[in-house]
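Undergrad: Residue numbers (our numbering): 48 to 316.
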Ligand code: CAA
């Protein structure tokens, strides 16, 4: 399988599995990730996602250059569309998604990590947007998400020079928020995701949705949206459970995903 899907407790683990080509993304890999996301969406017990790469060397070395080399502009656009749709879907996915960046995250691989909610890197990981060295530009959202996640200055440095940076520089730039020894990375990512999986699913999804709005749109409207959503949270069983658990000094037991209504009408007695 070019992309593996496994369940680890309440976490769905997606592993890009083409290590011979450093997990470079082909159209079929992108389609398979989409199918796995369909499956995760249909599985209420899978409450968080971790994405990583197979092999010792790479998370993902970008879009598959062999596949793209002879593409016409129309074909290139169709491929970029596939990539954009996938990255948008991950960014908007109603469950938290953690990138466990175990090696090279270049081009489309860096863009894949950027679409995730939390990025954790191995100390050996390297990041970059080397498209410029191929005579093209980033095509899976890198011209936008890198600057939004880090800073305009850092993003311009990476996209214009095509240079790679190591995990420590990525940490300082805010491109990742955790760095671990490579051999510990997956366990740490699964541990973090398991913690997220135990959280209140509706509130997590809404927090993600609202936070995604932070750097776009109308600030006042986004704040109004937060106000409405905060109020709605008080119509969920998870709000009562979370606050009761705090006051009773116990760990909360939040509702199953099926029991976390999208319309937040689940008031309990
Ligand atoms: N596409 C296709 N194959 C790739 C690949 C890619 N993006 N990256 C690596 N590979 C393949 C290599 O061709 C090589 O295959 P063979 O053994 O058949 O020759 C194999 O993976 C191992 O790679 P290297 O021999 O190059 O390994 P290295 O240690 O010498 O270098 C590297 C590692 C620095 C990551 C180098 O492989 C590299 O620069 N890869 C390309 C990175 C890149 O330019 N990514 C951007 C792609 S364009 C893009 O992603 C556009 C977009 O935004 C959507």
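The beta-carbon is built from N, C-alpha and C at its ideal position, and this holds for glycine as well.
1. Does the beta-carbon of residue 274 have 16 or more other beta-carbons within 10 angstroms, so that it is buried, or is it exposed?
2. In chain order, which alpha helix (DSSP H) runs of at least 4 residues are fully inside the region 146-176?
3. I need the DSSP call for residue 189, collapsed to helix, strand or coil.
4. Can you tell me whether DSSP reads residue 99 as helix, strand or coil?
5. So the alpha helix (DSSP H) residue 124 belongs to, where does it begin and stop?
6. The alpha helix (DSSP H) spanning residue 288 covers which residue range?
7. Ends of the beta strand (DSSP E) at residue 54?
8. Taking 6 Å as the limit, name every residue whose beta carbon sits nearer than that to some heavy atom of the ligand HEM, in sequence order.
9. Tell me which residue opens and which closes the alpha helix (DSSP H) that residue 216 is part of.
10. What is the rounded straight-line gap between the Cα of residue 205 and the Cα of residue 258?
11. Between residue 171 and the rest of its own chain, which residues show a CB-CB distance below 6 Å, the 5 nearest in sequence each way excluded?
12. Taking the beta carbon of residue 155 as the centre, do at least 16 other beta carbons fall within 10 Å, making it buried, or is it exposed?
13. Note down, in chain order, each residue of its chain lying with its Cβ closer than 6 Å to the Cβ of residue 114, except the 5 sequence neighbours on either side.
14. What does the Cβ neighbour count give for residue 178, buried or exposed, with the cut at 16 atoms within 10 Å?
15. Could you compute how far the alpha carbon of residue 241 sits from the alpha carbon of residue 62?
TA: Taking the definition as stated:
1. The residue in question, residue 274, is exposed, as its Cβ has fewer than 16 Cβ neighbours within 10 Å.
2. Whole alpha helix (DSSP H) segments, 4+ residues: 155-162.
3. If DSSP states are grouped into helix, strand and coil, residue 189 belongs with the helices.
4. In the structure shown, residue 99 falls within a strand segment according to DSSP collapsed to helix, strand and coil.
5. Unbroken alpha helix (DSSP H) run through residue 124: 120-139.
6. From DSSP, the alpha helix (DSSP H) with residue 288 extends over 284-294.
7. In the DSSP assignment, residue 54 falls within the beta strand (DSSP E) that extends over 50-55.
8. In terms of ligand content, the structure shown lacks the ligand HEM and carries the ligand CAA instead.
9. 214-220 is the span of the alpha helix (DSSP H), which, as asked, contains residue 216.
10. CA-to-CA, the gap between residue 205 and residue 258 works out to about 25 Å.
11. For residue 171, where only same-chain residues beyond five positions count, the Cβ hits under 6 Å are 229.
12. For residue 155, the number of other beta carbons within 10 angstroms of its own is at least 16, and it is reported as buried.
13. For residue 114, where only same-chain residues beyond five positions count, the Cβ hits under 6 Å are 73.
14. Per the 10 Å Cβ criterion, buried.
15. Residue 62 has its alpha-carbon roughly 17 Å from the corresponding atom of residue 241.
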